[in-house]
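Read through the structure below, which is laid out as structure tokens, and then see the notes.
Numbering (UniProt numbering), first residue to last: 1 to 174.
Laid out in structure tokens, this is it:
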């Protein structure tokens with residue numbers, strides 16, 4: 001959802017509301033690429049424009065994306081992105097208690113309130129109700145029923161795919 005929707009919507013907003021969007025997008029990529037080395041932060045020397053995104057790429061980019069775009073977006077859009085990221089960070093925890101679930105509901109509520117900026121600015125059609133965004137409202141109940149979803153990411157299957165498919169393919173004569 002982060003890459004497929006929020007990053008795409010931010011780019012669509014910039015392309016639709018600035019006379020020279022390529023300069024703004026280049027500045028954003030420059031800010032992302034200029035992040036200094038620091039434990040826990042991944043570097044993106046080419047900015048946010050790469051072809052194949054993984055869940056790990058999205059999680060790493062979320063840590064540096066908001067400061068890079070904040071100066072170019074309306075406050076309500078920054079608040080929507082921030083609330084969505086808060087929701088994601090909470091959901092990704094390995095253990096969630098009632099306080100975490102309450103914070104998750106608050107973050108989702110803020111996202112639901114502020115996401116209308118994407119509709120108001122013409123970036124996305126009225127009444128956003130895509131399945132992945134709609135599914136966010138069910139996380140609270142699902143976590144209470146089944147526990148933290150931290151193990152339900154694609155990192156495991158991606159690493160197995162690399163071992164089972166990509167590495168053997170690289171050893172062939174292609």
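Every residue, glycine too, gets a C-beta built ideally from N, C-alpha and C. Source: prediction; values computed, not measured.
Return helix, strand or coil for residue 84, following the three-state DSSP convention. helix
Euclidean distance between Cα positions of residue 142 and residue 116: 25 Å
Could you check whether residue 68 and residue 14 sit closer than 7 Å to each other, using their CB atoms as the reference points? no
Could you give the C-beta distance for residue 85 and residue 62, rounded to a whole number, given that I count them as a contact under 8 Å? 5 Å
Would you be able to state if there are at least three C-beta pairs under 8 Å between the segment 106-121 and the segment 74-85? yes
Determine the contact status of residue 32 and residue 64, defining contact as a CB-CB distance below 7 Å. yes
Of the choices 96, 53 and 17, whose alpha-carbon is the least far from that of residue 146? 96
Run through the DSSP bridge pairs and tell me what residue 38 is partnered with. 41
The alpha helix (DSSP H) that contains residue 100, what's its start and end? 98-114
Neighbour-count burial assignment, residue 169, 16 or more Cβ in a 10 Å radius: exposed
Beta-carbon proximity check, residue 133 vs residue 72, cutoff 7 Å: no
My understanding is that residue 137 touches residue 108, with C-beta atoms under 8 Å, so please give their C-beta distance in whole angstroms. 7 Å
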